[in-house]
Amino acid sequence: MSSLPTLHLLLLLLSLELQAPKAQGMPVTAPQHYSVMINEIKEILQKSPPLNSATPSDTEKTILRDRASLKPNLDAFLKATENFKEKGGSSISKNLRKFHPCLPKAKPQTASIVIQNDWEDFRGKLYPYLETLKAFLMIKSVWFS
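The sequence shown runs -25 to -1, 1 to 120 under mature numbering (1 follows the signal peptide of the UniProt record, and there is no 0).
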């Protein structure tokens, strides 16, 4: 009597045990969707007249470009959207919240941007932040896909 059928059955059972369980929870957003959400935010920002003098300082630009500050900056922008609901803050907030689970936890001492209760200041700081966010998410999607 051959042991081949027994070996085949044993290998089948073993392969079923070694399979990793399927991930549950939040679906992974494709990189194209990141770009779409960022472009939707930019369209809302562009509905207002062009920016006058609301460019971030060099220190603010450094904080906005710092990948370690992505999550604290996102929290600052989410909080600021509450002040601009009539200008599209709710839609901006809805899109920004979708990025929260994608970002790494920040160290406790990580600086975050300070946003004045001024639409021009908010817009001027959100544009460079969105570029940093987009670059981070594109790199992340390449490494983890």
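Even for Gly, the Cβ is constructed at its ideal location relative to N, Cα and C. For clarity, every value in this text was computed on a predicted model and none was experimentally measured.
Q: Could you say if the segment 57 to 73 and the segment 28 to 36 meet the contact criterion of at least three C-beta pairs nearer than 8 Å?
A: no
Q: Return yes when the C-beta of Thr107 is under 7 Å from any heavy atom of the ligand MG, and no when it is not.
A: Annotation note on the ligand MG: not contained in the displayed structure, which lists no ligands.
**Q.** Simplified DSSP state of Ala(-3), which is helix, strand or coil
**A.** The predicted position of Ala(-3) is uncertain, since its pLDDT is 41 and thus under 50; no value can be drawn from it.
Q: Pick out whichever of Leu(-17), His8, Ser65 and Leu39 has its Cα sitting closest to the Cα of Thr85.
A: Leu39
Q) How about the segment 9 to 17 and the segment 42 to 50: do they share at least three Cβ pairs that are nearer than 8 Å? A) no
Q: Since I believe Leu45 is in contact with Leu105 (beta carbons under 8 Å), could you give me their beta-carbon distance rounded to a whole number of angstroms?
A: Incorrect: roughly 11 Å between the Cβ atoms, too far for contact.
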